[in-house]
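In the working numbering, the protein residues as written are 566 to 988. C-beta: ideal position from N, C-alpha, C; glycine also. Inspection log for the structure reproduced underneath, given as structure tokens.
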Ligand SMILES: NC(=O)c1ccc[n+]([C@@H]2O[C@H](COP(=O)([O-])OP(=O)(O)OC[C@H]3O[C@@H](n4cnc5c(N)ncnc54)[C@H](OP(=O)(O)O)[C@@H]3O)[C@@H](O)[C@H]2O)c1
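Laid out in structure tokens, this is it:
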């Protein structure tokens, strides 16, 4: 078989990792011939020797190369040069392999159409959970299943921060600074800590699982900025870990999607995933529950996923872009998860005055929200008191109605923190 002629645009962490695999003596070295590379700065020192490979200042010019078979896009960014290079390649009927979740989550529909119109393919195993082959699991291994739930820890940076806060009792801002110093968080960590990055991955998985289109608008997004050591400590006392959980839950033709800090029972394998590791749990019929745990980022793991896509193209394993495992062919609607029925964790910050607990329990009772457990913590430095409760299963809209009513009382000094609980 003739090797695929590939052009690699982006030679950073993942791009350089891919070249290392291609220059080794594994199967990829026989499956590809690198006909060009492109990055921003030609003179930047790289961990691999690229002096014998044609250099392109402009990634779009490389995408236009007439004898190219596959463009490998590893630059990043939802729009801009990455998207233009990908569009250029697809319009010319070249296949694309990418790790760019932001581009797929926000522009995946148009790119999938362009690919179909030009008889080209887009492969993106590396875009979700780095080295964990969860895209292939959904598209191939679970192709005959009906997916009921996908949930997991899909952002290593936020998981590292929560893990450190839990271990050391330090505040969020403090641990974030450390993570930046150690290179575990970007200089601009917004997408990691506000749930955006995990959201990008989740909508891609939802699109495959339910044969829909990636839909970044219909997702509830909450980050970890509001989490305090008292939440981690209280959760632990109650038998849970606090994790930034991305979840996509199917119920009666609706897929509810969210990324939110949540309580996860210690017996759930996801609760045990610490530091920068990722975990994805899939509940499907008839296979049951599967849990994938591994490296969600880094040069080796992510490049391994890119390489597997290239090998698939080399062996001509064809699949449509966002079709996967919906065994029934049912058309589902994607929605935020705010209509979900669940147990919830609620942390109130209140003034230390008599009668506050009675107001909470009376108001919740009037809204038919039953309390499962109740904790009061000693006053904090700002003199407010944290009151923590967990509810029995209830509708989140009902819980919100009760909390809105409570916010009218002057003793409630901050908006309560709400987290769903996964047993
Ligand atoms: N890092 C991970 O662990 C990981 C995991 C999963 C998915 N991903 C995804 O993989 C992609 C690449 O991530 P990365 O971590 O490898 O990024 P990175 O280390 O920042 O590398 C980006 C590369 O793109 C090049 N580049 C940026 N803008 C360019 C432009 N306008 N024209 C030409 N080249 C340009 C840079 O050139 P210079 O080198 O010259 O600056 C660099 O080589 C992203 O979509 C990311 O979301 C990354």
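Spatial neighbours of residue 725 in its own chain (CB-CB distance under 7 angstroms, excluding positions within 5 residues in sequence) are listed in chain order as 744, 749, 840 and 841. Residue 791 and residue 849 have their C-alpha atoms roughly 33 angstroms apart. Between residue 817 and the set 636, 805 and 775, the nearest pair of CA atoms involves 775. Fewer than three Cβ pairs drawn from the segment 943–951 and the segment 873–881 lie within less than 8 angstroms of each other, which leaves the two stretches out of contact. Note on geometry: alpha-carbon atoms of residue 630 and residue 897 lie some 40 angstroms from one another.
The beta carbons of residue 767 and residue 667 sit no closer together than 9 angstroms. In the displayed model, residue 832 falls within coil according to three-state DSSP, outside both helix and strand.
Residue 586 is not a Cβ neighbour of residue 830, given a cutoff of 9 angstroms. Excluding its 5 nearest sequence neighbours in each direction, residue 801 has C-beta neighbours in its own chain below 8 angstroms: 731, listed in chain order. Straight-line spacing of the CA atoms in residue 933 and residue 927 works out to 10 angstroms.
With a threshold of 8 angstroms, the Cβ atom of residue 663 counts as near ligand 1, since some heavy atom of the ligand is closer than that. Beta-bridge pairing by DSSP links residue 984 to 910. With respect to the C-alpha of residue 773, the residue from 925, 923, 709 and 615 having the closest C-alpha is 709. Shortest Cα-Cα distance from residue 782 to any of 672, 733 and 626 involves 672. Look at residue 701: its beta carbon is at least 8 angstroms from all of the heavy atoms in ligand 1. One Cα belongs to residue 828, the other to residue 786, and the distance between them is close to 16 angstroms. By a beta-carbon distance limit of 8 angstroms, residue 956 does not contact residue 968. Their separation comes to about 11 angstroms.
If you look at residue 850, you'll find it in the beta strand (DSSP E) that goes 842–850.
For residue 727, no beta strand (DSSP E) encloses it; the enclosing alpha helix (DSSP H) starts and ends at 721–733. Not one heavy atom of ligand 1 sits closer than 8 angstroms to the Cβ of residue 801.
Within the model, the alpha-carbon separation for residue 945 versus residue 924 is close to 21 angstroms.
The beta carbons of residue 721 and residue 843 sit closer together than 9 angstroms. Taking 8 angstroms as the cut-off, the C-beta of residue 606 counts as close to a heavy atom of ligand 1. Taken through DSSP and simplified to helix, strand or coil, residue 932 comes out as coil. The Cβ atoms of residue 901 and residue 821 lie closer than 9 angstroms to each other. Not one heavy atom of ligand 1 lies closer than 8 angstroms to the C-beta of residue 869.
Here DSSP, grouped into helix, strand and coil, assigns residue 745 to helix. In this structure the segment 669–688 does not touch the segment 859–868; the number of beta carbon pairs closer than 8 angstroms is below three.
Judged by DSSP secondary structure, residue 638 falls within the beta strand (DSSP E) whose first and last residues are 635–638. At a cut-off of 8 angstroms, the beta-carbon of residue 609 counts as near ligand 1: some heavy atom of the ligand is closer than that. Sequence-distant partners of residue 734 (beyond 5 residues in either direction) whose C-beta falls short of 7 angstroms from its own C-beta, in its chain, are 794.
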